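Shown next, in C-alpha coordinates, is the structure this report addresses.
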Amino acid sequence: MRRTLIAVPVLVLGLLWSCDNDDVTRPDASDEERITRSYAAVQELSFEVVSGHVRVQAGATDCTRVELAHTYSPVGVFKPEFIESDGELTLRETFDGGTVNGYSDWTVTCVPGTRIRFTSASGDLQVTSPVSDLRATTASGEVTIAAADGDMRITMRVVEWLLHGRRHSYLLSQ
(Lines of atoms letter the chains of each structure in order from A and count residues from 1; the text may use other names and numbers.)
(Lines give C-alpha, C1' and ligand atoms only; values in the text may rest on other atoms or scores of the structure.)
Protein backbone atom coordinates (compact mmCIF):
# COMPACT_ATOMS: atom_id res chain seq x y z
CA MET A 1 0.00 0.00 0.00
CA ARG A 2 2.78 2.40 0.86
CA ARG A 3 4.57 1.79 -2.46
CA THR A 4 1.42 2.68 -4.41
CA LEU A 5 1.07 6.03 -2.62
CA ILE A 6 4.65 6.98 -3.50
CA ALA A 7 4.46 5.75 -7.10
CA VAL A 8 1.33 7.77 -7.98
CA PRO A 9 2.81 11.22 -7.15
CA VAL A 10 6.03 10.35 -8.98
CA LEU A 11 4.03 9.25 -12.04
CA VAL A 12 1.90 12.42 -11.98
CA LEU A 13 4.98 14.66 -11.67
CA GLY A 14 6.62 12.82 -14.56
CA LEU A 15 3.56 13.33 -16.78
CA LEU A 16 3.34 17.02 -15.90
CA TRP A 17 7.02 17.53 -16.72
CA SER A 18 6.73 15.77 -20.06
CA CYS A 19 3.67 17.84 -21.07
CA ASP A 20 5.46 21.09 -20.23
CA ASN A 21 8.57 20.27 -22.24
CA ASP A 22 7.67 21.69 -25.68
CA ASP A 23 11.11 20.97 -27.15
CA VAL A 24 10.30 17.25 -27.15
CA THR A 25 7.57 17.63 -29.78
CA ARG A 26 8.98 20.28 -32.10
CA PRO A 27 12.18 20.51 -34.09
CA ASP A 28 15.24 21.92 -32.38
CA ALA A 29 15.77 25.63 -33.07
CA SER A 30 19.29 24.75 -34.22
CA ASP A 31 17.64 22.93 -37.14
CA GLU A 32 16.09 26.19 -38.34
CA GLU A 33 16.98 27.15 -41.89
CA ARG A 34 16.95 30.84 -42.84
CA ILE A 35 16.56 32.26 -46.34
CA THR A 36 16.78 35.98 -47.14
CA ARG A 37 16.03 37.51 -50.54
CA SER A 38 15.77 41.11 -51.75
CA TYR A 39 13.91 42.41 -54.79
CA ALA A 40 13.18 45.76 -56.38
CA ALA A 41 10.01 47.24 -54.87
CA VAL A 42 6.95 45.29 -56.04
CA GLN A 43 3.37 46.51 -56.44
CA GLU A 44 1.74 43.23 -55.35
CA LEU A 45 2.67 40.45 -52.92
CA SER A 46 0.94 37.07 -53.22
CA PHE A 47 1.25 34.42 -50.53
CA GLU A 48 0.18 30.81 -51.01
CA VAL A 49 0.97 29.12 -47.70
CA VAL A 50 -0.20 25.95 -46.03
CA SER A 51 0.44 26.64 -42.35
CA GLY A 52 3.12 29.31 -42.33
CA HIS A 53 2.95 32.51 -40.33
CA VAL A 54 3.28 35.63 -42.52
CA ARG A 55 4.19 39.12 -41.32
CA VAL A 56 4.05 42.11 -43.69
CA GLN A 57 5.73 45.29 -42.47
CA ALA A 58 6.64 48.69 -43.94
CA GLY A 59 10.15 49.39 -45.10
CA ALA A 60 12.21 51.33 -47.62
CA THR A 61 10.61 52.71 -50.76
CA ASP A 62 12.97 51.03 -53.19
CA CYS A 63 13.00 47.35 -52.23
CA THR A 64 11.06 44.35 -50.97
CA ARG A 65 12.86 42.05 -48.53
CA VAL A 66 11.78 38.48 -47.74
CA GLU A 67 13.04 36.59 -44.70
CA LEU A 68 11.98 32.97 -44.25
CA ALA A 69 12.79 30.79 -41.25
CA HIS A 70 11.60 27.18 -41.21
CA THR A 71 12.20 23.91 -39.39
CA TYR A 72 10.26 21.44 -41.52
CA SER A 73 11.43 17.85 -41.40
CA PRO A 74 12.31 15.49 -42.85
CA VAL A 75 14.97 17.63 -44.55
CA GLY A 76 14.15 18.41 -48.18
CA VAL A 77 10.38 17.95 -47.91
CA PHE A 78 9.70 21.73 -47.82
CA LYS A 79 10.23 23.66 -51.05
CA PRO A 80 9.68 27.41 -50.75
CA GLU A 81 9.08 29.19 -54.04
CA PHE A 82 9.94 32.83 -54.79
CA ILE A 83 8.44 33.92 -58.14
CA GLU A 84 8.92 37.48 -59.41
CA SER A 85 7.09 38.69 -62.50
CA ASP A 86 5.92 42.11 -63.77
CA GLY A 87 5.88 43.95 -60.43
CA GLU A 88 4.41 40.97 -58.54
CA LEU A 89 6.17 38.67 -56.07
CA THR A 90 4.58 35.31 -55.28
CA LEU A 91 5.76 33.39 -52.21
CA ARG A 92 4.58 29.79 -52.06
CA GLU A 93 4.94 26.82 -49.72
CA THR A 94 5.12 23.42 -51.40
CA PHE A 95 5.77 20.05 -49.81
CA ASP A 96 7.09 16.82 -51.32
CA GLY A 97 5.95 13.89 -49.24
CA GLY A 98 3.48 12.87 -46.60
CA THR A 99 3.91 13.59 -42.90
CA VAL A 100 5.75 16.83 -42.16
CA ASN A 101 6.81 18.35 -38.83
CA GLY A 102 7.91 21.92 -38.21
CA TYR A 103 6.92 25.49 -38.93
CA SER A 104 7.62 28.37 -41.28
CA ASP A 105 7.79 32.05 -40.45
CA TRP A 106 7.79 34.58 -43.32
CA THR A 107 8.63 38.26 -42.71
CA VAL A 108 8.26 40.58 -45.69
CA THR A 109 9.30 44.22 -45.59
CA CYS A 110 7.67 46.17 -48.41
CA VAL A 111 6.78 49.61 -49.69
CA PRO A 112 3.71 51.13 -48.00
CA GLY A 113 0.71 50.83 -50.34
CA THR A 114 1.63 47.38 -51.68
CA ARG A 115 -1.33 45.16 -52.68
CA ILE A 116 -1.55 41.89 -50.71
CA ARG A 117 -3.07 38.55 -51.78
CA PHE A 118 -3.02 35.83 -49.12
CA THR A 119 -4.29 32.24 -49.30
CA SER A 120 -3.73 29.62 -46.60
CA ALA A 121 -5.10 26.46 -45.06
CA SER A 122 -4.18 27.29 -41.47
CA GLY A 123 -1.48 29.94 -41.84
CA ASP A 124 -1.72 33.34 -40.18
CA LEU A 125 -1.36 36.81 -41.69
CA GLN A 126 -0.23 39.85 -39.71
CA VAL A 127 -0.12 43.20 -41.56
CA THR A 128 1.53 46.24 -39.97
CA SER A 129 2.38 48.06 -43.21
CA PRO A 130 -0.24 50.37 -44.70
CA VAL A 131 -1.50 48.35 -47.68
CA SER A 132 -3.74 49.69 -50.45
CA ASP A 133 -5.64 46.52 -51.31
CA LEU A 134 -5.92 43.32 -49.28
CA ARG A 135 -7.48 39.97 -50.20
CA ALA A 136 -7.10 37.16 -47.64
CA THR A 137 -8.61 33.67 -47.69
CA THR A 138 -7.94 31.11 -44.98
CA ALA A 139 -9.61 27.97 -43.71
CA SER A 140 -8.64 28.36 -40.06
CA GLY A 141 -5.79 30.88 -39.85
CA GLU A 142 -5.87 34.27 -38.18
CA VAL A 143 -5.74 37.62 -39.98
CA THR A 144 -4.53 40.69 -38.06
CA ILE A 145 -4.49 44.10 -39.74
CA ALA A 146 -2.89 47.11 -38.06
CA ALA A 147 -2.85 49.47 -41.07
CA ALA A 148 -4.76 49.46 -44.34
CA ASP A 149 -6.09 52.03 -46.78
CA GLY A 150 -8.34 50.82 -49.57
CA ASP A 151 -10.33 47.71 -50.34
CA MET A 152 -10.21 44.68 -48.05
CA ARG A 153 -11.79 41.28 -48.49
CA ILE A 154 -11.22 38.55 -45.91
CA THR A 155 -12.76 35.10 -46.31
CA MET A 156 -12.48 32.57 -43.49
CA ARG A 157 -14.02 29.14 -43.23
CA VAL A 158 -13.82 28.88 -39.44
CA VAL A 159 -14.42 31.99 -37.36
CA GLU A 160 -13.48 32.06 -33.69
CA TRP A 161 -14.18 34.77 -31.14
CA LEU A 162 -14.22 35.36 -27.40
CA LEU A 163 -17.46 36.39 -25.71
CA HIS A 164 -17.75 36.75 -21.94
CA GLY A 165 -14.48 34.86 -21.51
CA ARG A 166 -15.60 31.84 -23.55
CA ARG A 167 -14.22 30.83 -26.95
CA HIS A 168 -16.84 30.35 -29.68
CA SER A 169 -16.43 29.19 -33.26
CA TYR A 170 -18.62 29.15 -36.32
CA LEU A 171 -18.10 27.23 -39.54
CA LEU A 172 -18.98 29.31 -42.57
CA SER A 173 -20.63 27.68 -45.56
CA GLN A 174 -18.96 27.99 -48.94
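Going by the numbering used here, the letters in the sequence shown line up with residues 685 to 858, in that order.
We put the CB at the ideal spot given by N, CA and C, even for glycine.
These numbers were taken from a predicted model, which means no experiment stands behind them.
Beta bridge counterpart(s) of P764 as assigned by DSSP: In the sequence shown, the residue the question calls residue 764 occupies position 80. For P764, which the question treats as bridged, DSSP gives the partners E777.
Secondary structure of Q741, DSSP reduced to three states: Taking the sequence shown and counting its residues from 1, the one referred to as residue 741 is at position 57. Strand.
Three-state secondary structure (DSSP) of D715: Locating residue 715 in the sequence shown gives position 31, where the first residue counts as 1. In the structure shown, D715 sits in a helix (DSSP, three-state: H, G or I).
T755 - DSSP class collapsed to helix/strand/coil: Along the sequence shown, one-based indexing puts residue 755 at 71. T755 falls in the coil class under three-state DSSP.
Own chain partners of D835 with C-beta closer than 6 Å, once the 5 adjacent residues on each side are dropped: For the purposes of this step, residue 835 is identified with residue 151 of the sequence shown, where counting begins at 1. Same-chain partners within the cutoff: D817.
C-alpha distance - V740 paired with T755, whole-angstrom precision: Here residue 740 refers to the residue found at position 56 when the sequence shown is read from its first residue. Here residue 755 refers to the residue found at position 71 when the sequence shown is read from its first residue. Rounded to whole angstroms, V740 to T755 spans 20 Å at the Cα level.
Buried or exposed (CB count within 10 angstroms, at least 16 for buried), I838: For this step, residue 838 is matched to residue 154 along the sequence shown. That one is exposed.
N- and C-terminal bounds of the beta strand (DSSP E) containing A820: As a working mapping, residue 820 is identified with position 136 in the sequence shown. Secondary structure note for A820: its beta strand (DSSP E) is the uninterrupted segment 815 to 822.
Burial state of D770, where buried means 16 or more other Cβ atoms lie within 10 Å: Against the sequence shown, residue 770 aligns to sequence position 86. So D770 counts as exposed.
Exposure of V708, with buried meaning 16 or more beta-carbon neighbours within 10 Å: Taking the first residue of the sequence shown as position 1, residue 708 is located at position 24. At V708, the pLDDT of 30 sits below 50, so the modelled position is not reliable and the matter cannot be decided from this model.
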